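Participant:
Number of protein chains: 2
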Amino acid sequence: MRVTIKDIAKKAGVSITTVSRVMNDKLGGISQETKERILKIVEEMNYQPNALARSLVTKQSLTLGLVLPNISNPFFPEMVRGVEDLANHHGYSVFLCNTDDDEEKEKHYIQLLKEKYVDGIIFSSNSRYSEAHYEILQKAHIPFVLIDRGEEDGNSPYNGVFIDNEKGAYLATKHLIDLGHEKIACMTGPKEVGTARRRILGYQKAMMEANLPILLETGNFRMKDAYTSAKKLLPSNEISAIFASNDVMACGIYQAAYELGMNIPKDLSVVGFDDIQLVEALTPKLTTIRQSSYTLGKTAAEMIIQDLKKAKKETKVVKLDPELVIRQSTRSIK
Amino acid sequence: MRVTIKDIAKKAGVSITTVSRVMNDKLGGISQETKERILKIVEEMNYQPNALARSLVTKQSLTLGLVLPNISNPFFPEMVRGVEDLANHHGYSVFLCNTDDDEEKEKHYIQLLKEKYVDGIIFSSNSRYSEAHYEILQKAHIPFVLIDRGEEDGNSPYNGVFIDNEKGAYLATKHLIDLGHEKIACMTGPKEVGTARRRILGYQKAMMEANLPILLETGNFRMKDAYTSAKKLLPSNEISAIFASNDVMACGIYQAAYELGMNIPKDLSVVGFDDIQLVEALTPKLTTIRQSSYTLGKTAAEMIIQDLKKAKKETKVVKLDPELVIRQSTRSIK
DNA sequence: TTGTAAGCGTTATCAG
DNA sequence: CTGATAACGCTTACAA
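Dropping the structure here:
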């Protein structure tokens with residue numbers, strides 16, 4: 000049996016109330032002497048309060064739920080780390096839930112988290128935008144904040160933290176334009192995915208500003224598809240640069256270029272999006288748009304924890320700025 | 000206020016005991032009629048039992064703690080996924096804890112997990128083997144299983160799941176030998192790290208069996224160090240193959256070879272270790288040793304959950320078999 | 001087939 | 001400065 004507050008009280012010859020007070024540093028006013036005596040016994044008996052019992056009465060579990068599609072997707076680990084760091088810093092623990100973008104699993108987890116009495120949920124939903132997900136969340140009556148996905152409708156009625164995807168794509172494209180490129184293709188993600196759409200928008204904006212022709216080619220956010228598309232695209236056009244709307248696709252393009260005997264950046268400049276770790280291992284190192292998923296996670300955790308403290312809730316949406324990281328896959332052709 | 004068992008009982012005109020019984024499918028014998036009535040009300044009022052309260056009396060939280068150095072390390076996400084999948088399958092949730100290999104944090108988290116009343120802990124400790132970590136765990140009196148790290152002393156007194164590192168290195172080296180290579184170098188990790196040492200052992204075993212000369216070069220498990228070492232090593236020797244004891248170092252070797260104008264696999268065969276995701280994005284694709292971290296996680300979770308069910312505890316150590324994945328970075332020179 | 005009541009380990013209220 | 005005692009939401013003998 001585990002040591003409980005009762006055991007401490009008995010051994011110290013005081014009431015459990017008193018023990019509770021010293022454990023929680025309640026100002027109540029406890030003589031220095033008893034305080035020290037109790038603390039010593041606590042130490043001796045290696046007593047740790049039962050958080051379950053405590054939460055039952057205080058009505059807060061100091062626990063958050065983190066719901067995301069799949070931690071194995073290289074985008075998420077950093078984000079998780081951000082969440083965990085900040086949560087822990089504020090005394091919160093976090094439950095990790097992988098949904099595989101499956102609505103049934105999402106439902107299941109939200110219910111589970113509710114049973115576990117989490118104080119808040121950080122939620123990254125299915126890529127395909129759907130009100131349904133958020134309804135489930137709403138119904139659970141647990142404060143939540145969306146993360147990464149769900150940016151699409153500007154005036155979101157929910158708390159959220161996102162990356163400014165349009166801006167990122169704009170920066171990437173602008174970089175190529177500034178280097179003197181004119182035939183610049185955009186390898187896109189699936190059109191139904193919000194982040195993919197926003198990136199296309201950013202590309203188009205930059206191209207239109209420079210009065211250059213739009214050239215879209217779909218790669219579905221996948222290495223293989225990007226490889227295939229590039230294999231077709233590159234030989235037939237005089238494209239001198241590609242903006243790949245994620246890094247994984249940039250890898251596919253690297254492969255295609257390699258097989259076509261094209262040198263990057265000599266014959267082809269490439270910019271990616273994400274700045275996932277592997278990108279530094281490529282030859283040449285990939286110039287890309289960094290979206291700090293760590294900051295994303297940290298910000299989301301911060302938001303929800305602050306929210307929990309406040310009485311009056313207000314909806315807040317944060318958009319983080321992406322950043323161009325110039326490495327070796329682009330070159331000036333002026 | 001949240002709906003409680005009382006609310007349901009009142010609305011259904013029964014005692015809370017009865018409600019509890021239907022919620023838990025206790026055989027007790029409940030009339031079909033009342034059962035259905037209660038279930039309907041539960042549905043209507045969207046009632047979910049409070050797991051905290053339940054755990055308080057049942058003495059089990061259906062919760063596990065997963066303690067690891069850093070989820071951002073590309074080795075872990077898959078492992079986490081394995082743990083989570085299996086845990087969830089058995090109705091367990093998991094708390095994620097990042098320790099950064101810091102002993103203070105480890106202590107902190109173990110205490111926290113104890114407070115949260117987790118039923119078991121899956122623990123991946125500091126690379127440097129130290130009894131201290133395990134003592135802390137022991138003292139918490141929570142069942143635990145070590146994962147990945149801690150393999151070193153064969154007759155471990157603790158439950159654990161590991162990869163057979165020696166065997167993996169042996170397989171890698173043997174593969175190169177079978178291809179006809181004779182001057183095979185081994186790029187090693189830090190000698191103090193157990194996994195690194197075991198991989199050296201495997202390499203040496205294969206080389207000695209074939210009567211070939213040992214050639215060790217340290218790369219510290221890091222890309223940059225491997226790059227530097229390779230840059231020095233490759234020009235001066237007639238090395239035709241390298242076994243890199245992790246994939247990240249293989250990347251460094253790729254870079255060095257590229258800059259030295261050596262073609263992989265024409266001029267140099269390379270085998271890695273880990274099979275991290277990025278490896279398929281390399282050109283040419285890396286031949287490597289796959290250690291299924293997913294299985295690692297899954298097995299660990301399985302072990303601890305089984306352990307929780309049993310009355311008589313017995314220490315168990317599982318060693319998983321690594322697997323050679325042949326891709327395009329090696330070639331026969333017979 | 002159902003209900004009463006004790007108890008899980010805490011905190012919070014109120015009294016002294 | 002300290003202590004009874006109720007309460008949190010649930011499960012589980014034991015009764016009926």
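So the protein lines, in turn, are chains V and F.
Numbering follows numbering that gives the first Met the number 0, with no gaps: position 226 of the first sequence is 225.
Numbering follows numbering that gives the first Met the number 0, with no gaps: position 262 of the second sequence is 261.
Note that beta-carbon positions come from the ideal geometry of N, C-alpha and C, so glycine has one too.
Treat the numbers as computed from the prediction; the structure is a model and nothing was measured.
1) Are the segment 246-253 of chain V and the segment 231-251 of chain F in contact at 8 Å, needing three or more beta carbon pairs?
2) For my contact list, Ser54(F) and Leu51(V) are in at a C-beta cut-off of 8 Å; report their separation, rounded to the angstrom.
3) Decide if the segment 265-283 of chain F is in contact with the segment 297-310 of chain V; the criterion is three or more beta carbon pairs, one per stretch, under 8 Å apart.
4) Flag this pair as touching only if the segment 311-318 of chain V and the segment 6-20 of chain F have three or more C-beta atom pairs under 8 Å; answer yes or no.
5) Just curious, the alpha helix (DSSP H) that Asn97(V) is in, first and last residue?
6) Please list the partners that Ala52(V) has in chain F, where partner means a Cβ-to-Cβ separation under 7 Å.
7) By the three-class DSSP mapping on this structure, what secondary structure does Ile227(F) have?
8) Could you tell me the boundaries of the beta strand (DSSP E) in which Arg289(F) lies?
9) According to DSSP, simplified to helix, strand and coil, what is Ser19(F)?
10) Evaluate Arg148(V) with the Cβ neighbour count: other Cβ atoms within 10 Å of its Cβ, from every protein chain shown; 16 or more gives buried, anything less gives exposed.
11) Name the residues in the segment 84-96 of chain F whose C-beta lies less than 7 Å from a C-beta of chain V; which are they?
12) What ranges does the alpha helix (DSSP H) occupy inside the segment 97-147 of chain F, keeping only unbroken runs of at least 4 residues that lie completely in it?
13) With a cut-off of 8 Å on the beta carbons, I'd call Leu215(V) and Cys185(V) a contact; round off their distance for me.
14) Which residues of chain V have a Cβ atom closer than 7 Å to the Cβ of Lys113(F), listed in chain order?
15) At the 8 Å Cβ level, is Cys185(V) part of the contact set with chain F, yes or no?
16) Relative to chain F, which residues along the segment 65-77 of chain V have a C-beta separation below 9 Å, given in chain order?
17) Taking the C-alpha atoms as reference points, what is the distance between Thr3(V) and Ile120(F)?
18) Got a sec, what are the start and stop residues for the alpha helix (DSSP H) Lys5(F) sits in?
19) Can you tell me where the alpha helix (DSSP H) with Phe75(V) in it begins and where it stops?
20) Helix or strand or just coil, what does DSSP make of Val300(V)?
21) Using CA coordinates, which residue listed in Ala310(V), Ile109(V), Glu191(V) is at the minimum distance from Phe122(V)?
22) When DSSP labels each residue in this structure, what does Ile162(F) get in the three-state scheme?
23) At what residues does the alpha helix (DSSP H) containing Lys318(V) begin and finish?
24) Starting from Met206(V) and walking both ways along the alpha helix (DSSP H), at which residues does that stretch end?
25) Our contact map puts Met207(V) next to Thr172(V) with C-beta atoms below 8 Å; I'd like the distance itself, whole angstroms only.
26) Can you check whether the CB of Asn97(V) is closer than 8 Å to the CB of Glu83(F)?
27) Put Gly251(V) into one of helix, strand or coil per three-state DSSP.
28) If you check the beta carbons only, do Pro321(V) and Leu178(V) fall under 8 Å apart?
29) Taking 8 Å as the CB-CB limit, is Gln31(F) close to chain V?
30) Can a CB atom of chain V be found closer than 8 Å to the CB of Ala8(F)?
31) Among the residues of its own chain, which have a CB less than 8 Å from the CB of Ile70(F), if the five just before and after it don't count?
32) What's the call for Arg1(F), buried or exposed, on a 16-neighbour Cβ count within 10 Å?
33) Taking all protein chains shown into account, decide if Asp24(V) is buried (16 or more other Cβ within 10 angstroms of its Cβ) or exposed.
34) Closest Cβ-Cβ distance between Val79(F) and chain V: below 8 Å?
35) Among Leu85(F), Phe220(F), Asp99(F), which has the Cα closest to the Cα of Thr294(F)?
36) Quick check: Phe74(F) and Ala168(F), are their CB atoms within less than 8 Å of each other?
Facilitator: In terms of the structure at hand:
1) no
2) Yes, they are in contact, since the Cβ atoms of Ser54(F) and Leu51(V) sit about 5 Å apart, within 8 Å.
3) no
4) No, the segment 311-318 of chain V does not touch the segment 6-20 of chain F.
5) Per DSSP, Asn97(V) belongs to no alpha helix (DSSP H); it is in the beta strand (DSSP E), 92-97.
6) Leu55
7) For clarity, residue 227(F) is Thr in the given sequence; the question names Ile instead. Looking at Thr227(F) - three-state DSSP - the assignment turns out to be helix.
8) 287-289
9) The DSSP-derived three-state label of Ser19(F) is helix.
10) buried
11) Ser92, Val93, Phe94, Leu95
12) 102-114, 130-139
13) 5 Å
14) Gln47
15) no
16) Leu65, Asn69, Ile70, Ser71, Asn72, Pro73, Phe75, Pro76, Glu77
17) 21 Å
18) 4-11
19) Per DSSP, Phe75(V) belongs to the alpha helix (DSSP H) from 75-88.
20) A small correction: the amino acid at residue 300(V) is Ala; Val does not occupy that position in the sequence shown. DSSP places Ala300(V) in helix when its eight states are reduced to three.
21) Ile109(V)
22) strand
23) Not the alpha helix (DSSP H): Lys318(V) falls in the beta strand (DSSP E), residues 316-319.
24) First-last of the alpha helix (DSSP H) with Met206(V): 193-208.
25) At roughly 10 Å, the Cβ-Cβ gap does not stay under 8 Å, so Met207(V) and Thr172(V) are not in contact.
26) yes
27) helix
28) Against a cut-off of 8 Å, the Cβ pair of Leu178(V) and Pro321(V) comes out as no contact.
29) no
30) Answer no: the Cβ-Cβ gap between Ala8(F) and chain V never drops below 8 Å.
31) Pro76, Val79, Leu95, Asn97
32) exposed
33) Per the 10 Å Cβ criterion, exposed.
34) yes
35) Leu85(F)
36) Against a cut-off of 8 Å, the Cβ pair of Ala168(F) and Phe74(F) comes out as no contact.
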